[in-house]
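Read through the structure below, which is laid out as structure tokens, and then see the notes.
2 protein chains.
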Amino acid sequence: MSPLPKVSQEYKEKRRQEILDTARKVFIQKGFDQTTMTDIVEASGLSRGGVYQYFSSTDEMFRQITDRNDEGFENWIKKIIGESKTAWAAIENYLAEVEAGLLEPGVGFGIVQFEYFVFSTRKEERSSYLLKRGETAIRNFSLLIENGMKTGEFKPIQPTEAIVMFIININDGLLLQSLTLNKYEHDRVYVKEQIQGLKMYLKQVLQVE
Amino acid sequence: MSPLPKVSQEYKEKRRQEILDTARKVFIQKGFDQTTMTDIVEASGLSRGGVYQYFSSTDEMFRQITDRNDEGFENWIKKIIGESKTAWAAIENYLAEVEAGLLEPGVGFGIVQFEYFVFSTRKEERSSYLLKRGETAIRNFSLLIENGMKTGEFKPIQPTEAIVMFIININDGLLLQSLTLNKYEHDRVYVKEQIQGLKMYLKQVLQVE
């Protein structure tokens with residue numbers, strides 16, 4: 001008797017990512033709290049055991065999707081910094097891409113994250129994850145500011161974290177406003193002007209010449 | 001036989017407001033989508049008929065609470081404008097009160113409105129209310145800016161609505177960040193600095209001397 005063929009690590013990872021992609025789509029369509037494991041099993045076309053082998057809950061899937069996004073975000077920020085001539089240009093390039101993304105139609109994973117985090121205020125078991133994720137977001141955004149502090153281009157008059165929180169507020173607010181208002185009227189939200197407004201604040205708070 | 005005593009209009013209005021106060025508390029405690037009419041009947045201490053005489057759904061109650069808040073907000077803004085020496089002072093006084101409110105502990109009705117609006121992206125029947133409510137918020141915030149345009153103090157370089165959307169983003173973002181992060185650490189959110197940042201933007205966009 002020959003042994004059963006070994007399922008390669010690579011195959012397993014590919015399958016895991018495919019299940020996450022499916023879960024992501026179902027979460028976007030139904031909302032996180034409304035999605036059950038059964039929904040994802042059905043959408044995946046796999047057996048129940050085939051999914052549970054990789055994930056035991058929707059919460060686990062949500063967190064891995066978010067972690068994957070955060071990692072992608074970090075690499076994206078680093079890439080922009082690497083490709084920009086100055087630290088201020090990196091911020092402008094970053095904001096230009098945010099602006100382009102916001103004007104694209106369709107609901108993305110952002111709304112799912114909103115739901116999860118808004119509801120987390122009532123669900124204690126999500127607290128430590130929420131905090132960890134907050135730290136990650138702050139650290140990633142901080143890269144843009146620290147970059148300019150290193151080169152001497154930025155001389156912030158507020159703590160880096162305060163500036164990052166402000167950027168996150170405008171970012172998240174634009175996302176939420178776009179999702180709720182722009183489906184009725186094109187750019188009811190004034191994406192361009194708000195990004196411009198964020199730059200007015202940043203130039204002043206970072207003391208960019 | 002004497003006729004049944006007439007329930008006065010005043011009594012009815014008082015009872016209606018009491019039921020709304022109860023509903024507000026239950027929504028804050030359980031979240032809007034998790035609250036049933038039965039929950040509110042039980043919390044009110046009234047009979048089922050006693051509540052249904054005034055309201056037929058939690059949605060109706062939510063909307064009346066929000067409308068009542070919006071009316072209160074409009075009067076509050078007008079009072080601040082009336083009591084402030086200049087249009088810029090009115091904005092500063094408004095923001096000082098926002099700041100004080102954000103540093104108060106406890107979850108308010110804000111989080112319930114967040115839940116309702118975030119979820120509205122999936123619930124078509126909420127769309128027209130969402131839009132109407134958005135218009136009201138924009139109109140009320142606009143009062144602060146138009147006030148300074150009338151006196152010649154403000155010469156905005158962006159459309160009033162774009163400026164209002166930016167203010168709303170920082171306002172809502174501060175509320176959400178405070179609700180999710182400040183319960184772990186006092187002012188992790190940098191409320192003071194963010195309000196200061198909003199002023200940096202406003203001074204520039206309104207061309208305040």
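So the sequence lines, in the order shown, correspond to chains U and X. Each residue of the first sequence is one higher than the one before, starting from 1 at the first, in UniProt numbering. Each residue of the second sequence is one higher than the one before, starting from 1 at the first, in UniProt numbering. For glycine and all other residues, C-beta sits at the position ideal for the given N, C-alpha and C.
For S47 of chain X, which residues in the same chain have their Cβ closer than 8 Å to its Cβ, ignoring the five residues on either side in sequence? Taking C-beta separations shorter than 8 Å and ignoring five residues to either side along the sequence, the partners of S47 of chain X in its chain run V41, following chain order.
Name the residue from U:R126, U:E161, U:I157 whose alpha carbon lies nearest to the alpha carbon of F62 of chain U. Nearest C-alpha to F62 of chain U: U:R126.
Under 8 Å between beta-carbons, which chain U residues line up against Q194 of chain X? List them in chain order, please. Those are A162, M165, F166, N169, listed as they occur along chain U.
Would you please verify whether the beta carbon of Q204 of chain U is less than 7 Å from any beta carbon of chain X? At least one beta carbon of chain X lies nearer than 7 Å to the beta carbon of Q204 of chain U.
Taking G148 of chain U as the query, report the chain X residues whose CB atoms sit under 8 Å from its CB, ordered along the chain. What G148 of chain U touches in chain X: nothing, since even the nearest Cβ is about 17 Å away.
On the three-state DSSP scale, how would you describe Y94 of chain U? Y94 of chain U falls in the helix class under three-state DSSP.
Quick check: the Cα distance between G101 of chain X and G72 of chain X, rounded to an integer number of angstroms? The alpha-carbon atoms of G101 of chain X and G72 of chain X are separated by roughly 15 Å.
Assigned exposure category for N147 of chain U - 16 Cβ within 10 Å defines buried: Per the 10 Å Cβ criterion, buried.
Chain U contact residues for F109 of chain X, given Cβ-Cβ distances below 9 Å: Annotation: F109 of chain X has no Cβ neighbours in chain U at a cutoff of 9 Å; minimum Cβ distance is about 13 Å.
For my contact list, A87 of chain X and F166 of chain X are in at a C-beta cut-off of 8 Å; report their separation, rounded to the angstrom. Approximately 17 Å separates the beta-carbon atoms of A87 of chain X and F166 of chain X; this is outside 8 Å, ruling out the contact.
Output yes or no for whether 7 Å exceeds the beta carbon distance between I170 of chain U and L143 of chain U. Not a contact, by the Cβ cut-off of 7 Å.
Measure the CB-CB distance between V51 of chain X and V118 of chain U and report whether it falls below 7 Å. For the 7 Å CB-CB criterion, V51 of chain X and V118 of chain U do not form a contact.
Could you check whether T35 of chain U and D66 of chain U sit closer than 7 Å to each other, using their CB atoms as the reference points? The amino acid at residue 66 of chain U is misidentified as Asp; the sequence shows Thr. No.
What is the DSSP secondary structure of Q177 of chain X, reduced to helix, strand or coil? It is helical.
Check distances from the C-beta atoms of the UniProt domain "HTH tetR-type" (13-73) of chain U to those of chain X and list, in chain order, the residues that come in under 7 Å. Correct list: G31.
Residue burial classification, G173 of chain U (beta-carbon count within 10 angstroms, cutoff 16): By the beta-carbon neighbour count (other beta carbons within 10 angstroms, threshold 16), G173 of chain U is buried.
Could you tell me which uninterrupted alpha helix (DSSP H) segments, each at least 4 residues in length, are contained entirely in the segment 25-53 of chain U, listed from first to last along the chain? Within the segment 25-53 of chain U, the complete alpha helix (DSSP H) runs of at least 4 residues are 37-44, 48-52.
Per-residue burial, A137 of chain U [other beta carbons within 10 Å of its own, 16 or more giving buried]: Its Cβ being crowded by 16 or more others within 10 Å, A137 of chain U is buried.
So which residues on chain X does F117 of chain U lean against when the C-beta distance must stay under 9 Å? Under the 9 Å cutoff, chain X gives L176, T180.
I need the DSSP call for L103 of chain X, collapsed to helix, strand or coil. Correct three-state label for L103 of chain X: coil.
Within 6 Å: the Cβ of F109 of chain U and any heavy atom of the ligand ZN? Judged by which ligands are present, the structure shown has none, so any question about the ligand ZN falls away.
Start and end residues, alpha helix (DSSP H) containing I138 of chain X: It spans 127-150 - the alpha helix (DSSP H) in which I138 of chain X sits, taken as one unbroken run.
Can you give the Cα-Cα distance for E161 of chain X and F141 of chain U, rounded to whole angstroms? Using only the alpha carbons, I get a separation of about 28 Å.
Enumerate in chain order the residues of its own chain whose CB-to-CB distance from V208 of chain U is below 6 Å, with the five nearest sequence positions on each side excluded. W88.
Between the alpha carbons of S56 of chain U and S8 of chain U, how many angstroms are there, rounded? A straight-line Cα-Cα distance of about 21 Å links S56 of chain U and S8 of chain U.
From the beta carbon of Q113 of chain X, is the nearest beta carbon of chain U less than 7 Å away? Taking Cβ atoms only, chain U never reaches closer than 7 Å to Q113 of chain X, which makes this a no.
With the cut-off set at 7 Å, would you say L103 of chain U and V191 of chain U are in Cβ contact? It is a contact, given that the beta carbons lie within the stated cut-off.
DSSP-derived helix/strand/coil call for F114 of chain U: In the three-state DSSP reduction, F114 of chain U falls in the helix class (H, G or I).
Own chain partners of I157 of chain U with C-beta closer than 7 Å, once the 5 adjacent residues on each side are dropped: Within its own chain, the residues whose Cβ lies closer than 7 Å to the Cβ of I157 of chain U, once the five positions on either side in sequence are excluded, are V205, Q207, listed in chain order.
For a contact defined as C-beta to C-beta under 7 Å, what are the partners of L130 of chain U on chain X? Simply T180.
Where does D187 of chain X fall in DSSP's three states? Coil, per DSSP.
Closer than 7 Å, CB to CB, is G152 of chain U near chain X or not? Closer than 7 Å: no.
Find out if the Cβ-Cβ distance for the pair L20 of chain U, Q53 of chain U is shorter than 7 Å. Going by beta carbons, L20 of chain U and Q53 of chain U fall outside the 7 Å limit.
Spatially closest choice to A90 of chain X from X:F114, X:Q113, X:I145, by CA coordinates: If we check each option's Cα against that of A90 of chain X, X:I145 comes out closest.
Please return the same chain residues whose Cβ sits closer than 6 Å to the Cβ of D39 of chain U, not counting the five positions on each side in sequence. So the list reads V26, once near-sequence residues are dropped.
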